Amino acid sequence: MRVLLFAALRDAAGPTVEVNLPAGATVRALRAELARVLPSALLARSAIAVNHEYADDSCEVRAGDEVAVIPPVSGG
Amino acid sequence: MVRLTRDAIDFAALTNEARHPHCGAVALFLGTVRDLTGEHVTVFLEYDAYAPMAEKKLAEIEAAVRQRWPVREVLMVHRLGRLAVGDVSVAVVVSCPHRAEAFDALRYAVDALKELVPIWKKENGPDGTGEWVHQSAKPGAT
Numbered sequence: 599m600r601v602l603l604f605a606a607l608r609d610a611a612g613p614t615v616e617v618n619l620p621a622g623a624t625v626r627a628l629r630a631e632l633a634r635v636l637p638s639a640l641l642a643r644s645a646i647a648v649n650h651e652y653a654d655d656s657c658e659v660r661a662g663d664e665v666a667v668i669p670p671v672s673g674g
Numbered sequence: 078m079v080r081l082t083r084d085a086i087d088f089a090a091l092t093n094e095a096r097h098p099h100c101g102a103v104a105l106f107l108g109t110v111r112d113l114t115g116e117h118v119t120v121f122l123e124y125d126a127y128a129p130m131a132e133k134k135l136a137e138i139e140a141a142v143r144q145r146w147p148v149r150e151v152l153m154v155h156r157l158g159r160l161a162v163g164d165v166s167v168a169v170v171v172s173c174p175h176r177a178e179a180f181d182a183l184r185y186a187v188d189a190l191k192e193l194v195p196i197w198k199k200e201n202g203p204d205g206t207g208e209w210v211h212q213s214a215k216p217g218a219t
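The listed protein sequences derive, respectively, from chains A and B.
Residue numbers for the first sequence follow the numbering used here, so the first one is 599 and each next one is one higher.
Residue numbers for the second sequence follow the numbering used here, so the first one is 78 and each next one is one higher.
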């Protein structure tokens, strides 16, 4: 699964990262995979978005979902 | 109306657009690029967004404002790309029959934008280095 990155995470690891997740995996499992390739302190402070909506750790991620890591925002 | 743009924000036109015969109050907020954050000097900012989600979140904020206050117009425009000190990064305008609700609705819209919308700024200093600002709480955590 391809995961979109932004801001400092994009500078650290590029615009996307590929992670391997089994069918039925949750956002919690996704976070564990992402922790292997992303700066863990910033990842821990980041939200996960699934199909443009903030998703909690129990949310299931399905093939074809658009998944992104949203670090603390600073718009305005 | 919500919009992301790479062009300068015409906040005078936007403010005019919100005027309406039923509204005795039009409230405008402008976010502008500041040159100093503590002792940290900023020469220019770069804004980036997760555009489809940012537009969705802005639209949700507009809907929430409309549900809660008797607003006629809610206009939210955020600029992306490179901005110089003094440039307008965001403009939010609301129009209401009375000023108290206009102020409250505007405050809510700006606060929600800063908390929920996936937009980031990178502060670039005089020494040529830049740093993304990630100081807020985890977004969307309620």
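C-beta atoms are modelled at their ideal positions from N, C-alpha and C, and glycine is treated no differently.
Bear in mind that the values here come from a model prediction, so they are computed numbers and not experimental data.
- Leaving aside the five residues that flank B:Arg143 on each side, the residues in its chain whose CB is nearer than 7 Å to its CB run, in chain order, Val151.
- For A:Val659, the secondary structure class from DSSP, reduced to helix, strand or coil, is coil.
- Contact annotation: A:Ala605 and B:His175 have beta-carbon atoms that are not nearer than 8 Å.
- Residue burial is scored here from C-beta neighbours: B:Leu122 has at least 16 other C-beta atoms within 10 angstroms and is therefore classed as buried.
- The shortest C-alpha to C-alpha distance from B:Ala214 to any of B:Asp188, B:Glu116, B:Lys199 and B:Leu160 is the one to B:Asp188.
- Of the other Cβ atoms in all chains shown, 16 or more fall within 10 Å of the Cβ of B:Arg156; this residue is therefore buried.
- If you draw a straight line from the Cα of B:Arg96 to the Cα of B:Asp112, it is about 32 Å long.
- Using a Cβ distance threshold of 8 Å, A:Ile646 and A:Ala639 do not count as a contacting pair.
- Distance from the CA atom of A:Ala661 to the CA atom of A:Leu619, rounded to whole angstroms, is 9 Å.
- Closer than 8 Å to the CB of B:Ala136 there is not a single CB belonging to chain A.
- Residue burial is scored here from C-beta neighbours: A:Pro613 has fewer than 16 other C-beta atoms within 10 angstroms and is therefore classed as exposed.
- Looking at the DSSP output, A:Thr614 shares a beta bridge with A:Leu602.
- The continuous alpha helix (DSSP H) containing A:Arg629 extends over residues Val625 to Leu632.
- The C-beta distance from A:Leu607 to A:Leu628 rounds to 14 Å, too long to meet the 8 Å contact threshold.
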